[in-house]
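S.K.: This is the structure, below, for whatever I ask next.
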Amino acid sequence: MAVSCNHYSILLSSSTAGSSSRCSSSSLLGFPRLQTLRFKSRSVYPKTRVAHVSASSRSLEALVFDCDGVILESENLHRQAYNDAFSHFDVRCPPSSSESLNWSLEFYDKFQNLVGGGKPKMRWYFRENGWPTSTIFDSPPENDDDRAKLIDTLQDWKTERYKEIIKSGSVEARPGVVRLMDEARAAGKKLAVCSAATKSSVILCLENLIEIERFQGLDCFLAGDDVKEKKPDPSIYITAAEKLGVSVNDCLVIEDSVIGLQAATKAGMSCVITYTSSTSDQDFKDAIAVYPDLSNVRLKDLETLLQTIVTAA
Numbered sequence: 001m002a003v004s005c006n007h008y009s010i011l012l013s014s015s016t017a018g019s020s021s022r023c024s025s026s027s028l029l030g031f032p033r034l035q036t037l038r039f040k041s042r043s044v045y046p047k048t049r050v051a052h053v054s055a056s057s058r059s060l061e062a063l064v065f066d067c068d069g070v071i072l073e074s075e076n077l078h079r080q081a082y083n084d085a086f087s088h089f090d091v092r093c094p095p096s097s098s099e100s101l102n103w104s105l106e107f108y109d110k111f112q113n114l115v116g117g118g119k120p121k122m123r124w125y126f127r128e129n130g131w132p133t134s135t136i137f138d139s140p141p142e143n144d145d146d147r148a149k150l151i152d153t154l155q156d157w158k159t160e161r162y163k164e165i166i167k168s169g170s171v172e173a174r175p176g177v178v179r180l181m182d183e184a185r186a187a188g189k190k191l192a193v194c195s196a197a198t199k200s201s202v203i204l205c206l207e208n209l210i211e212i213e214r215f216q217g218l219d220c221f222l223a224g225d226d227v228k229e230k231k232p233d234p235s236i237y238i239t240a241a242e243k244l245g246v247s248v249n250d251c252l253v254i255e256d257s258v259i260g261l262q263a264a265t266k267a268g269m270s271c272v273i274t275y276t277s278s279t280s281d282q283d284f285k286d287a288i289a290v291y292p293d294l295s296n297v298r299l300k301d302l303e304t305l306l307q308t309i310v311t312a313a
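Numbering-wise (our numbering), the sequence shown opens with residue 1 and increments by one.
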């Protein structure tokens with residue numbers, strides 16, 4: 001099934017994905033019916049898209065960063081860790097496969113936006129493509145307990161592998177992030193990181209990518225563990241504004257996805273997007289600016305944006 005990224009919604013239902021519609025790691029056939037994500041071709045955006053000028057004015061007092069996708073382009077690292085786990089345990093899915101399972105970049109770019117969480121990803125994939133053979137179970141697990149053990153074992157090994165990759169020294173923050181943080185700090189702005197990931201995962205990333213001193217110097221740090229509802233719920237950003245002692249009007253969020261954008265705008269905050277390969281085709285119409293990365297974005301540019309945005313009625 002050929003899939004175009006120009007103005008489409010992924011609406012395929014898992015209820016229609018039977019044995020006749022099993023998907024390979026490079027196919028999108030049989031994706032579950034989840035929250036509709038609308039996409040636009042990246043070509044609809046210029047390199048930088050800026051909102052119209054209005055008499056309404058806001059003052060930039062706090063710069064708030066998401067982590068995965070903004071500070072760290074993490075999805076390909078997660079994909080690598082999954083594939084390493086599949087290889088380590090010789091996961092064959094479907095069981096008739098001649099090689100260990102390997103999720104392609106093309107497949108994972110779409111898959112990770114449709115099924116959240118590592119265990120749900122694997123559970124859905126195995127349910128749709130056949131529970132695998134592996135060194136954990138010689139034959140495909142048939143009961144819930146054995147299937148849970150398989151998923152837990154793979155996820156635990158994958159998590160440790162991901163940590164090894166982050167600690168290896170080969171991973172760097174996305175372009176412009178550290179420099180922009182330093183500019184904001186030097187200008188007396190408050191800095192925060194708000195991520196939907198687990199606290200331990202975010203701490204690992206920040207300590208290794210922006211260095212411990214910058215991490216410890218943050219005015220606010222919130223992870224998925226700190227709020228009851230995850231993005232696109234605005235709770236994490238509303239809580240951050242309260243902890244920072246800053247009005248939501250004077251906070252500027254940097255996100256990479258529509259889900260993060262929705263969380264920021266629902267909180268009443270303006271949002272800038274710096275997209276990744278897996279989010280580049282999403283519809284960012286509510287962002288005040290869209291960038292491929294932050295390498296050419298300066299603090300003064302963001303201050304100007306915030307002072308001239310159109311405030312929604």
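C-beta: ideal position from N, C-alpha, C; glycine also.
Drop a sphere of 10 angstroms on the beta-carbon of Q216, count the other beta-carbons inside from all chains shown, and report buried for 16 or more, exposed for fewer.
M.R.: Along the sequence shown, one-based indexing puts residue 216 at 216. That one is exposed.
S.K.: Quick one: which unbroken beta strand (DSSP E) runs of 3-plus residues sit fully inside the region 166-248? Chain order, please.
M.R.: Listed in chain order, they are 190-194 and 220-222.
S.K.: For the candidate residues E211, D138, S139 and K149, whose alpha-carbon lies nearest to that of E172?
M.R.: The residue labelled residue 172 in the question sits at position 172 within the sequence shown. When only C-alpha atoms are compared, the closest one is E211.
S.K.: With 16 as the cutoff for other CB atoms within 10 Å, does E128 come out buried or exposed?
M.R.: Here residue 128 corresponds to residue number 128 of the sequence shown, with the count starting at 1. Looking at its Cβ environment, which holds 16 or more other Cβ atoms inside 10 Å, E128 is buried.
S.K.: Quick test of the definition: if touching needs 3 or more C-beta pairs under 8 angstroms, does the region 195-203 touch the region 84-102?
M.R.: They do not touch, by the three-pair rule.
S.K.: Quick check: the region 143-162 against the region 235-248, are at least 3 beta-carbon pairs closer than 8 angstroms?
M.R.: Not touching, per the Cβ criterion.
S.K.: Look up S56 in the DSSP assignment and say whether it is helix, strand or coil.
M.R.: Here residue 56 refers to the residue found at position 56 when the sequence shown is read from its first residue. Bear in mind that the predicted position of S56 carries a pLDDT of just 47, short of 50, making it too unreliable to give a figure here.
S.K.: Look at the alpha carbon of K189 and the alpha carbon of E73, and state the distance between them as a whole number of angstroms.
M.R.: As a working note, residue 189 is residue 189 in the sequence shown. As a working note, residue 73 is residue 73 in the sequence shown. Rounded to whole angstroms, K189 to E73 spans 25 angstroms at the Cα level.
S.K.: What is the rounded straight-line gap between the Cα of C67 and the Cα of Q307?
M.R.: In the sequence shown, residue 67 corresponds to position 67, counting from 1. In the sequence shown, residue 307 corresponds to position 307, counting from 1. Straight-line Cα distance between these residues: approximately 25 angstroms.
S.K.: Taking the continuous alpha helix (DSSP H) assigned at V258, which residues delimit it?
M.R.: Residue mapping note: residue 258 aligns to position 258 of the sequence shown, counting from 1. Counting along the chain, the alpha helix (DSSP H) containing V258 begins and ends at V258 to K266.
S.K.: Which same chain residues end up closer than 8 angstroms to K231 when comparing Cβ atoms and leaving out the 5 residues on each side of it in sequence?
M.R.: As a working note, residue 231 is residue 231 in the sequence shown. A196, I259, G260, Q262 and A263.
S.K.: Tell me whether the beta-carbon of L206 lies closer than 8 angstroms to the beta-carbon of V227.
M.R.: Locating residue 206 in the sequence shown gives position 206, counting from the first residue. Locating residue 227 in the sequence shown gives position 227, counting from the first residue. Not closer than 8 angstroms, so no.
S.K.: Can you give the Cα-Cα distance for D293 and R174, rounded to whole angstroms?
M.R.: The residue you call residue 293 lines up with position 293 of the sequence shown. The residue you call residue 174 lines up with position 174 of the sequence shown. Those two C-alpha atoms are separated by around 7 angstroms.
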